[in-house]
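Worksheet: the structure to be examined is printed underneath.
2 protein chains.
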Amino acid sequence: MSEENSSVQMDKETFDSEVRNQMRLRQLHTIIEKQDSKGLSELYDSMEPIDFALLLENLDDEELSQLTPIMDDDELAGTMEEAEDKERIRIAHALDNHRLLTAFEYMQKDDIVDMLSDFPIGRRKDVINLMKADDRKIITNLLRYPEESAGGIMTTAYIALRGDYTAEYGLEKIRAIGPKTEDIETIYVIDNTGSLVGYVDLRQILASPKSTRLSDLMDDRVISVLPETDQEDVARLVSKYDLNSIPVVSPNKHILGVVTVDDVLDVIVDEYNEDILEMAGVSKEESLDTSLGESVRLRLPWLMVNLATAFLASFTVKLFESTIEQVVALSAIMTIISGMGGNAGTQTLSILVRQLAQKDLTFRECWKPFCKELLLGLIDGASTGLVTGVIVSLMYGNAWLGVIAFIAMIGNMLVSSVFGFLVPLILEKCHADPAVSSSIFVTTATDVLGFFIFLGLAKLFLPLLM
Amino acid sequence: MSEENSSVQMDKETFDSEVRNQMRLRQLHTIIEKQDSKGLSELYDSMEPIDFALLLENLDDEELSQLTPIMDDDELAGTMEEAEDKERIRIAHALDNHRLLTAFEYMQKDDIVDMLSDFPIGRRKDVINLMKADDRKIITNLLRYPEESAGGIMTTAYIALRGDYTAEYGLEKIRAIGPKTEDIETIYVIDNTGSLVGYVDLRQILASPKSTRLSDLMDDRVISVLPETDQEDVARLVSKYDLNSIPVVSPNKHILGVVTVDDVLDVIVDEYNEDILEMAGVSKEESLDTSLGESVRLRLPWLMVNLATAFLASFTVKLFESTIEQVVALSAIMTIISGMGGNAGTQTLSILVRQLAQKDLTFRECWKPFCKELLLGLIDGASTGLVTGVIVSLMYGNAWLGVIAFIAMIGNMLVSSVFGFLVPLILEKCHADPAVSSSIFVTTATDVLGFFIFLGLAKLFLPLLM
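The listed protein sequences derive, respectively, from chains F and G. The C-terminal position of the first sequence is numbered 1133 in our numbering, with every residue numbered one higher than the one before it. The C-terminal position of the second sequence is numbered 1133 in our numbering, with every residue numbered one higher than the one before it.
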């Protein structure tokens, strides 16, 4: 199938799914009007829970509060598990505490914790106090971990069996516990003190003679994390080792929970969106649907910070006003020098940001790449500088103007190498996110120093330029 | 544990793993020297295959060709499955075709295809011709699909059972096929013509009475893709519906293969790196270790393109040389206007790029957000323009200069809204990647038009400024 065809089909699919969504929404409105709980179950069963959750985003609060009473508890739980954070809270808002607790019975503990941590403190406390004692204990424990740590995203529904179990007995246990867990492929093996000692793949248990001990089947090279481990590090491990789940353990190797690969997917997609947006000074909370006022609130501060740095660059130019007054061509050329430094700096910093997202770098490891980056600045600066110099010389009929542009370009490219390399590294060491704030420091440097080098040289050799 | 402590621990871990790697590398060198195949097996078993593959990156070609003869076939296969593309080819280069085929016996078909597609055509043909007839058929079929499509990343090792099988018979089949498949949790159900009709979760098979038919257990809402589907769309579906694997089917619903969640993780990480880097004009192939010459080759073309656009902006300034000559302050202020437009435009385009990465947008859907973006440009332009205008008026003692800066700022922010919104959208419709090329169009627009609006206004009202 050609590129052309495949895209046409895609567009048709997009169109079809829009039409279907419109139909479903009309159906849902009728259901709410007639309080038709049978029709609702039919609609719910005909869709994936996530699509149903997305459909509810089109309802207003009033409609939502008329819908929840005719939903079954498991439908309600399924919808809340799949809904986005904001939508979840809106649904929870339409429920009293009693109904909410009933729905919680059908939900995974990590999803409940996720929801509760977005609740206003008062309601969170009320709900937790109404829980059964053992649930309350698990939930309060989970709530203690930071939201973006292994403990914050782990689930407590996993399978851990003792190593002295036989394959047959183990399988019996798996049959019983399995339906409540998210990952059935990886079975963790613990010793009689409850410490994690290895894992077995369900395939091996299925394929082994009934009397084999799990401890004879298990692989003892099990990769685990502490509950405090940052979710990005967890994601890196799961993706590097192609795991279905990774156990979260206490310092004495007791399993506290597991993080499953689908949660890791969410983490990676979130971090991706965060980095793409925050590199450009946009909050990860913003999307096309964000209200005007909210967008202003989220974007204007970043623009104001940029304005301050723009003035810094502008002051640098102002310092050389008398020089520009005498050779006005400088004003047209200086923007080339500063702009090119910004572009080269952004290239260098992107490489660093990507590298730092994958693993920590020590200053020692950086020595060689840093020298390479400097050389690269020299070569790229000389190449673009040469082109610039020649064009400028011809355009303004003054060879010295070209020479100065050439030297300034090399100088500013070296600036871009130094700042593009060091700024992300230093931010990372200071525990700041290099993706978010690097670019402003780097482009400020290339603007200010780019103007300074070029105009400074021009001032120094002014007689040659006139 | 405080932030401080956790980071110290991390740094210590990084340090430990570096030391461990150095030790292992020394061990490996001794093993090669002594041709100690027992020692090699011990080393291999003490590590994860991916870590062993990473370790081999430190060997030169000579050492590698001395190592492979003492490796077991399954060690060799495990290493090649985990190694990066480049390293894989280097290992394959150290093997003759016969040894390579023996190692292939232990590898998943999708990994073999991945490797073969990176081979020089001649060797690829030779290797394929040496394969057994049925392997050759599967491999040549898989090789036909584009590398970044569902067909290109799918594996042919999956479990599909007929709906009229009982749970007991199904489980027997799973025991037999399971060890060769990547996903054992999702069992696909086919009818007697071989068409996909649903799926069953292994948990349900384990928990059901032995005589239950799979067709009674299955869910018939199965999400599938065509082999031509882009890998990004596959990743989106797997992540949205939290799937362990997604079947790739022919138009008549025969299963051709499945894409598993670990392959999807790789796709997402790759696309992430690609977007982050290519937005900044860096190739996804570049990393800190890339050689100097290679880096120049990869980065210089982008800088040259940028240089062309920088000259475009410079020509615009040159048009107004006589105006600048009379009011030299303009040269310091104009960089503020153009720079701020660039920043605001980058914000808008990032939102669009992110949105387009998640789903296609029709022009019709964009009408409202586009108007919002224009209003936002007006508000942000008025706010930053006011600050700029006041400071400029005070600094240069001319209120009119401030008024012109204020109006020009609003104008250029509107430019940034229009281009930041439309450029990614149009590129997407033209089947270009908006992440890669948007920024250059947008910043060219904000530079050229920013200078033009500001200097044009200044020229128009020149008498007021002097």
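All C-beta atoms, glycine included, are put in the ideal place defined by N, C-alpha and C.
By the C-beta density criterion, D956 (chain F) is exposed, having fewer than 16 other C-beta atoms within 10 angstroms.
Around the Cβ of S917 (chain G), a 10 Å sphere holds fewer than 16 other Cβ atoms; the residue is exposed. The three-state reading of DSSP puts D793 (chain F) in helix, counting H, G and I together. Within the same chain, and ignoring the five residues on either side of G1117 (chain G) in sequence, the residues whose Cβ sits closer than 6 Å to its Cβ are I1004, S1005, G1008 and N1079. Residue pairing from DSSP places I854 (chain F) in a beta bridge opposite F:V867.
Counting only Cβ-Cβ distances below 7 Å, I991 (chain F) has contacts in chain G at V995 and S998, in chain order. Against S1084 (chain F), chain G offers no close residue; the least beta-carbon distance is about 11 Å (beta-carbon pairs closer than 7 Å). T833 (chain G) has G:R880 as its beta-bridge partners, per DSSP. The straight-line gap separating the alpha-carbon atoms of S1104 (chain F) and M946 (chain F) is approximately 7 Å. It is roughly 25 Å from the alpha-carbon of Q702 (chain G) to the alpha-carbon of E772 (chain G). With respect to the C-alpha of T1055 (chain F), the residue from G:L970, G:Y825 and G:L910 having the closest C-alpha is G:L970. Ranked by Cα distance from G745 (chain G), the options G:E730, G:T769 and G:S732 are led by G:T769. The alpha-carbon of T1051 (chain F) is positioned some 7 Å away from that of M1076 (chain F). Distance from the Cα of I857 (chain G) is smallest, within the candidate group G:Y866, G:E849 and G:I851, for G:Y866. With respect to the 7 Å criterion, L810 (chain G) and L881 (chain G) are not classified as neighbours on the basis of their beta carbons. Assigned with DSSP and collapsed to three states, D703 (chain G) falls in coil, not helix or strand. Listed in chain order, the non-local C-beta contacts of K792 (chain F) below 6 Å within the same chain number zero, local neighbours out to five positions each way being set aside.
With respect to H921 (chain F), G830 (chain F) sits apart: the two C-beta atoms are not nearer than 7 Å. Contact between the region 1015-1032 of chain F and the region 937-946 of chain G is present: 3 or more CB-CB pairs across the two stretches fall below 8 Å. Think of a sphere of 7 Å around the beta carbon of T1013 (chain F): the chain G residues whose beta carbon falls inside it are A947, in chain order. Beta-bridge partners assigned by DSSP to H1098 (chain G): none are found. If you check the CB distance, S1060 (chain F) and G1069 (chain F) come in under 7 Å.
Within the same chain, and ignoring the five residues on either side of K877 (chain G) in sequence, the residues whose Cβ sits closer than 6 Å to its Cβ are A834 and E835.
Between V1020 (chain G) and the set G:I1071, G:S1106 and G:N1010, the nearest pair of CA atoms involves G:S1106. Taken in chain order, the complete beta strand (DSSP E) segments of 3 residues or longer contained in the region 907-975 of chain G are 912-916 and 922-927. Check the Cα spacing between I935 (chain G) and each of F:L944, F:A902, F:G960 and F:P914: the tightest is with F:A902.
Taking 7 Å as the threshold, the shortest C-beta distance from M821 (chain F) to chain G does not fall below it. The alpha-carbon of F978 (chain G) is positioned some 14 Å away from that of F1108 (chain G). A residue is called buried once 16 or more other Cβ atoms fall within 10 Å of its Cβ, and E749 (chain F) is buried on that count. Assigned with DSSP and collapsed to three states, S784 (chain G) falls in coil, not helix or strand. Counting C-beta pairs with one atom in each stretch, the region 727-745 of chain F and the region 697-711 of chain F have three or more that are closer than 8 Å, which means they touch. Under the three-state reduction of DSSP, A750 (chain G) is assigned to coil, being neither helix nor strand. Between G706 (chain G) and R870 (chain F), the gap from beta carbon to beta carbon reaches 7 Å or more.
Between the region 993-1000 of chain F and the region 1027-1047 of chain F, the count of Cβ pairs shorter than 8 Å is below three; the stretches do not touch.
Using a C-beta cut-off of 8 Å, the region 689-696 of chain G makes no contact with the region 1117-1126 of chain F, since fewer than three inter-stretch Cβ pairs fall below that distance.
By DSSP's assignment, D897 (chain G) forms a beta bridge with G:S816.
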